[in-house]
Amino acid sequence: MARRSAPRIPVRAPSRTPDRRAASPAPRPPSTRNGAPGLRLYETFEATFIGHPEGTGGFLRLLGAPKGPRMDLLVDWRDTHGAIHGDRVMAEVNGEGWDGRLKARVVEVKGRGDLPLPGTLQKQPWGWRVVPLEPRLSQIISVPPTDLAEDGELVSVKLDADPEAKQLRGTVLARLGKRTDLKIENKLTAALFNLRTEFPDAVMKELAPFPTRIPAEWIQGREDLRETLTCTVDPPTAKDFDDAISLEVLPKSEGGGWLLGVHIADVSHYVAEGGPLDEEARLRGTSVYFPDEAIPMIPERLSGDLCSLREGVDRLTMTAWMTISPELEVVQTRLSESVIRSAKRLTYDEVKEACIDLSTRKRAELGEALCALLDESLVLSRRLTQVRLGRGAMNLDTEEAEFVFDEEGCPVDARRYPRHDAHRMIEEFMLLANETVARFFTRKKIPTIYRIHDEPDALKLEIFAEVARTFGLLKPKETPTPEHLNAMLDKIRGGPLEAMINTLLLRSLKKAEYNVDNIGHSGLALQDYLHFTSPIRRYPDLIVHRLLRQVLRGRALPEGLHSHLAVLAKGASDSEQKATEAERENDKWKACLLMKSRIGQRFKGRIQGYSAKVAFVTLDSPFVEVGVPLAALGGSFWVDEHRTKATGLRGSVVLTIGDAVEVEVTAVDEDLRRISAWITEAKAQDAHGKAFQFVPTLAAPATLRESDLEPPRRGRGEARTTRARSDAPPKGRPPKKAREASGKARPEKTTREAHPKPPKGSVRGSGRKKR
603 MARRSAPRIP VRAPSRTPDR RAASPAPRPP STRNGAPGLR LYETFEATFI
653 GHPEGTGGFL RLLGAPKGPR MDLLVDWRDT HGAIHGDRVM AEVNGEGWDG
703 RLKARVVEVK GRGDLPLPGT LQKQPWGWRV VPLEPRLSQI ISVPPTDLAE
753 DGELVSVKLD ADPEAKQLRG TVLARLGKRT DLKIENKLTA ALFNLRTEFP
803 DAVMKELAPF PTRIPAEWIQ GREDLRETLT CTVDPPTAKD FDDAISLEVL
853 PKSEGGGWLL GVHIADVSHY VAEGGPLDEE ARLRGTSVYF PDEAIPMIPE
903 RLSGDLCSLR EGVDRLTMTA WMTISPELEV VQTRLSESVI RSAKRLTYDE
953 VKEACIDLST RKRAELGEAL CALLDESLVL SRRLTQVRLG RGAMNLDTEE
1003 AEFVFDEEGC PVDARRYPRH DAHRMIEEFM LLANETVARF FTRKKIPTIY
1053 RIHDEPDALK LEIFAEVART FGLLKPKETP TPEHLNAMLD KIRGGPLEAM
1103 INTLLLRSLK KAEYNVDNIG HSGLALQDYL HFTSPIRRYP DLIVHRLLRQ
1153 VLRGRALPEG LHSHLAVLAK GASDSEQKAT EAERENDKWK ACLLMKSRIG
1203 QRFKGRIQGY SAKVAFVTLD SPFVEVGVPL AALGGSFWVD EHRTKATGLR
1253 GSVVLTIGDA VEVEVTAVDE DLRRISAWIT EAKAQDAHGK AFQFVPTLAA
1303 PATLRESDLE PPRRGRGEAR TTRARSDAPP KGRPPKKARE ASGKARPEKT
1353 TREAHPKPPK GSVRGSGRKK R
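Here the sequence shown stands for residues 603 to 1373, where the numbers follow this note's numbering.
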């Protein structure tokens, strides 16, 4: 099934079995007060060198250390010892930055990175070379002549292992295509993140003997649910359907309530443990979803056919039965191996049309029985949502972009992905099934892979609360409890601050991950939670199915299971992180392809965030993000420590997150996946908080640089810098109102001020506002 965004925001950890956290803590690198690895001055360590796109030094990431803010050590360009991006190095801590962040220097380069790199093959008079697409690797790679690709084509290259070589050398492994090829950005994204796109021959040979129809002997011993009314609900573009639902209203004579069935594709029946298919699924860890293509975890014959719960076809499943009382308590659960025959393949919008919009035509098309099932499912899911929020879970929806493509596969538009109660219905049922299976393993004290979400850092959460108070979303004495935060999220839902507040809240909380040690899921306010409902696209779900089958059949579990699962959980978390980064990068690439033909055009949008030198603006339509260098505003603007507003022109102009702006796109850089723009008009406030229309003057070139995207430094030095900026005279011409107030306004210049001079490189032409 296609990817779904599920609630995943922690605030308060559940209180049940509080001693389990201390019983067997997950191994993690020690941390200092700044969150960086706990290293002492002059201590040596092994790490991976992460280059900087502009060649100004880089960072060091300790081997095995998780990704996160301040976890990478800074390296000055003079201390790199010749290391390039991806190198394995020995380094030592050599001090702290003025903001308290650890600094280090490279002592020895132990070896080159062993991952293939994508690049452009070029023929020169002296030989062949490859120009890497990775912006953090600025060196040119010399390669021997090859017959795999031609001059100007994109290739995959493997670096020579010798770190002492003065000239970077490598070998061309494969041809990726041409820049003009359809969906070439998908191939390049996969190459940049080393995603596995082809299945080995051994995997395909393992699939060959599987029959196209389920043999009768496979059904023996399973619960036969083929006569039970079930259906699947997925996005319209989904090709793999791994979950189906059924719902029965229990008679009042028996106490009332519901019998909910969640039926999940039994992938573990096909994927033998330790076989080539299992090993490939483990290495991939998860399916990767691009806007127009998916890289599946298991081959298409399984993901889109034999395991997919297609309409009117018998399919093997694992079923979680949950008896829910009228008071919405799960009073009884039962897990079984089963076989179903889905009655209907539905989309979210079809459910909305039939059961929310109450379309007579659509209801007649689906039939009375199916509509009754969906109607009751919506009622139950809404009540379950209230129960979940009542126990302290967060009610946070994040906005996602949905790209629209033409017949040739080129992006022509981007819009907000619509979410409604049909989405929440399926999510609520999947959450309940995941919790049910997790409690089964916990109750029986059987090791498994849990989905955990640690408690948020109290300091980060308080910093978020301080930002929320500046916008009047929290009262001065209100603490960021789940109740207060949910009330705040309900207040801003659908408004200009929703996306910004959701993003800031997400950043202040810890990430969910897989772990064999169960410490609970604070985002859902659950002590027991795991992933069970998507074995087609997630490897941990497949492991859970495999363990559940062994328990249901009464088979003995292998020795050393806990440590074995711990290794699998760590690999699954890493794969999930890599897939998320690849999906985000591909979304940025698609946005660049969409906007490169719109340079010079103006769009409405809202400011959604700041770095130290850039305002990030999300356009209303198309729904993409552009970066506006603060230098393009004219004058001297600085960002506050919480990155919520930019102040300039001696405090006379304040631009706050959520403010409506009009921007003009000035540049698109596909190689770095950036869209640059400058603000032509903005709804701003003056020093007294009075709103006015701000028109930048004497704007500078509006092209993003990597240094612009650096997060703002914090510490005592920042306060001194801010004061110095505020006391210094601003650069550029002040706004018209400020000049009139000082008695220096010149009427003959009024027309020119209404149409400010465009930045260097802009294609605005004469600067006159387009009608």
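Glycine included, each C-beta is placed from N, C-alpha and C at the ideal position. Please read all numbers here as calculations on a predicted model, not as lab measurements.
For residue i, three-class secondary structure by DSSP
| i | result |
| --- | --- |
| ALA1248 | strand |
| HIS683 | coil |
| ILE743 | strand |
| VAL915 | coil |
| THR1044 | helix |
| THR1182 | helix |
| ASN1120 | coil |
| PRO620 | Reliability fails at PRO620, whose pLDDT of 38 lies under 50, so the model's placement of it is uncertain and no value is given. |
| CYS973 | helix |
| SER905 | helix |
Exposure of residue i, with buried meaning 16 or more beta-carbon neighbours within 10 Å
| i | result |
| --- | --- |
| GLN562 | Absent from the structure is residue 562, since the part of the chain shown begins at 603 and ends at 1373. |
| LYS712 | exposed |
| GLY1260 | buried |
| TRP679 | exposed |
| GLU550 | Since the displayed the chain opens at 603 and closes at 1373, residue 550 lies outside it and no answer follows. |
| LEU904 | buried |
| LYS946 | buried |
| TYR644 | exposed |
| ALA1293 | exposed |
| SER1165 | exposed |
| HIS1022 | exposed |
| THR839 | exposed |
| THR1135 | buried |
CA-to-CA distance, residue j to residue i, given in whole angstroms
| i | j | result |
| --- | --- | --- |
| ARG642 | VAL695 | 7 Å |
| VAL805 | GLU913 | 27 Å |
| GLU825 | SER938 | 7 Å |
| PRO718 | GLU736 | 11 Å |
| ILE652 | ALA874 | 38 Å |
| PRO627 | GLU1264 | Residue placement at PRO627 is flagged as unreliable, the pLDDT there being 39, under the threshold of 50; a coordinate-derived value is accordingly withheld. |
| PHE892 | LEU998 | 23 Å |
| GLY702 | ASP1056 | 25 Å |
| LEU1221 | TRP860 | 44 Å |
| TYR1141 | ALA1174 | 7 Å |
| GLN988 | ARG1200 | 44 Å |
| THR888 | GLU882 | 11 Å |
| GLU1010 | TRP1191 | 17 Å |
| GLU850 | ILE1028 | 16 Å |
| ILE942 | VAL835 | 15 Å |
| LEU1159 | GLN1152 | 7 Å |
| GLY1202 | GLU1185 | 28 Å |
| GLU1272 | THR921 | 46 Å |
8 Å Cβ cutoff met for residue i and residue j
| i | j | result |
| --- | --- | --- |
| PHE1239 | GLY1229 | no |
| MET1197 | ILE1277 | yes |
| ILE900 | LEU879 | yes |
| HIS687 | LEU739 | yes |
| ALA1040 | LEU1132 | yes |
| GLY1237 | ALA1289 | no |
| TYR1052 | ASN1104 | no |
| ARG1144 | VAL869 | Checking the sequence, you will find Leu at residue 1144 rather than Arg. Yes; because the gap between Cβ atoms is below 8 Å, this pair is in contact. |
| ILE847 | SER979 | yes |
| ASP689 | GLY721 | no |
| ARG1017 | GLU1004 | yes |
| ALA1067 | PRO1082 | yes |
| ASP894 | PHE795 | no |
| TYR872 | CYS833 | no |
Of the listed residues the options, nearest to residue i (C-alpha basis)
| i | options | result |
| --- | --- | --- |
| VAL745 | ALA1060, GLY729, GLY754 and GLU648 | GLY729 |
| LYS1215 | ASP1242, PHE1205, ILE1201 and LYS1206 | ASP1242 |
| LYS854 | ILE926, ASP762, ASP1059 and VAL835 | ILE926 |
| LYS1046 | VAL757, LEU675, GLY1156 and THR1299 | GLY1156 |
| ARG1139 | HIS1025, ASP764, LEU980 and GLY906 | GLY906 |
| THR935 | LEU862, ALA751, ILE742 and ILE942 | LEU862 |
| ASP764 | GLU850, ASP1130, LEU756 and THR773 | THR773 |
| ALA792 | LEU1099, VAL1006 and ILE897 | ILE897 |
| ILE1054 | GLY1096, HIS1123, LEU1091 and ASP762 | HIS1123 |
| GLY754 | ALA685, LEU723 and ARG990 | LEU723 |
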